[in-house]
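Chains as they are written, first to last, in my numbering: chain A, 3 to 116; chain B, 8 to 240.
First up is the structure itself, then whatever we jot down about it.
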């Protein structure tokens, strides 16, 4: 495996470890409901500070269930990941095409293979 | 994690909206100019927006026992300068407010101010500062993204503390409270965001040298040093 690829995989592994460690170490155990959203906790803090506060506007559309909500969040991630993959795939393909075209012409292919 | 719909008093909601609007308008102008003058950058602009989309959909567990998500705004700020991210960040916030009931329309101004304006500017400032002192590209990128992420949630904490000062301990007391909810939770996530931004930047260095040179991320003629550094890391 190339050194570059190794470093990239290492970066991903550290990110995974950072996400898994709080779960594995049970850092949410002191809470009634572990690993809820920080925005929800902020709502609780607001009602603690100002018990009379009433939200004066509610979302126009609210996902009817947790499942639908997570589906929409996945959709968001999938859209983003799709565009990113398209970008990198396109560039890789372009380079490959250029290299092949050069080979066909009989010139030396570019040295900087990626 | 953004301020929930309806959870900022109307006066605050309007004030943050007014504060954010000029940045977003200016951002739209920069974005249209960029696309007009450099149509070839459209793809990379899309990729920067896409990165924000992915990262702000990833709710990750953190050391505080709660969950939050990164912002992904550092990458675009480093590549295209912060005004562009004022637009791309606001679009992401709008998507989440309209479809996911995450954040909100009344809190859009405040959330845009933290995630689409202060975050990108703070991250970009750190990135430029480190680059000026010849810090290697990828280290500067890491800290740029880290600061963009963390400063976003520091601003969120300040915004909430301004709106809801603690009856006994005042603004500072409330800031401590909201800071421990948002900012502390965010520290490991900001590290993750920094690492993921470095990963994407490494892939960009491999695939899009020309673009990065034009954008000034990689230096043209004398830039071979940067590139070897980037690859060596």
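Think of the CB as a built atom: it goes at the ideal place given N, C-alpha and C, for glycine as much as any other residue.
In this text, all values refer to a predicted model and were calculated from it rather than measured experimentally.
DSSP places residue 97 (chain A) inside the alpha helix (DSSP H), whose first and last residues are 68-107.
Under a criterion of Cβ atoms nearer than 9 angstroms, no residue of chain A is adjacent to residue 161 (chain B); the nearest Cβ is some 13 angstroms distant. Beta-carbon to beta-carbon, residue 27 (chain B) and residue 120 (chain B) are separated by about 5 angstroms, close enough to satisfy the 8 angstroms threshold. Every alpha helix (DSSP H) stretch that sits fully inside the stretch 64-137 of chain B and reaches 4 residues is listed by chain position as 80-87, 89-106, 115-119.
In its chain, beyond the 5 residues on either side, 196 have a beta carbon closer than 6 angstroms to the beta carbon of residue 67 (chain B).
At least one beta carbon of chain A lies nearer than 8 angstroms to the beta carbon of residue 206 (chain B). Any Cβ of chain B closer than 8 angstroms to the Cβ of residue 67 (chain A) would place that residue at the interface, and such an atom is absent.
Relative to residue 78 (chain A), the option among B:181, B:94, B:99, B:219 whose CA is nearest is B:99.
Secondary-structure assignment with DSSP links residue 177 (chain B) through a beta bridge to B:173.
Bounds of the alpha helix (DSSP H) holding residue 23 (chain B) are 17-44. The Cβ of residue 12 (chain B) sits closer than 8 angstroms to at least one Cβ of chain A.
In this structure the stretch 38-54 of chain A does not lie against the stretch 83-94 of chain B, because fewer than three pairs of beta carbons, one per stretch, are closer than 8 angstroms.
Nearest Cα to residue 118 (chain B) within the set B:33, B:213, B:36, B:156: B:156. Residue 114 (chain B) and residue 54 (chain B) have their C-alpha atoms spaced approximately 26 angstroms apart.
In this structure, the straight-line span from the alpha carbon of residue 79 (chain B) to that of residue 147 (chain B) is close to 15 angstroms. Cβ neighbours of residue 13 (chain B) within its own chain (closer than 7 angstroms, five residues either side excluded): 111, 113. Segment contact: the stretch 161-176 of chain B against the stretch 131-138 of chain B, fewer than three CB-CB distances shorter than 8 angstroms; contact not assigned. For residue 223 (chain B), the secondary structure class from DSSP, reduced to helix, strand or coil, is coil. Secondary structure at residue 201 (chain B): helix, using DSSP grouped into helix, strand and coil. Each of A:58, A:105, A:74, A:106 was checked against the Cα of residue 60 (chain B), and the nearest Cα belongs to A:74. Secondary structure of residue 39 (chain A) (DSSP, three-state): strand.
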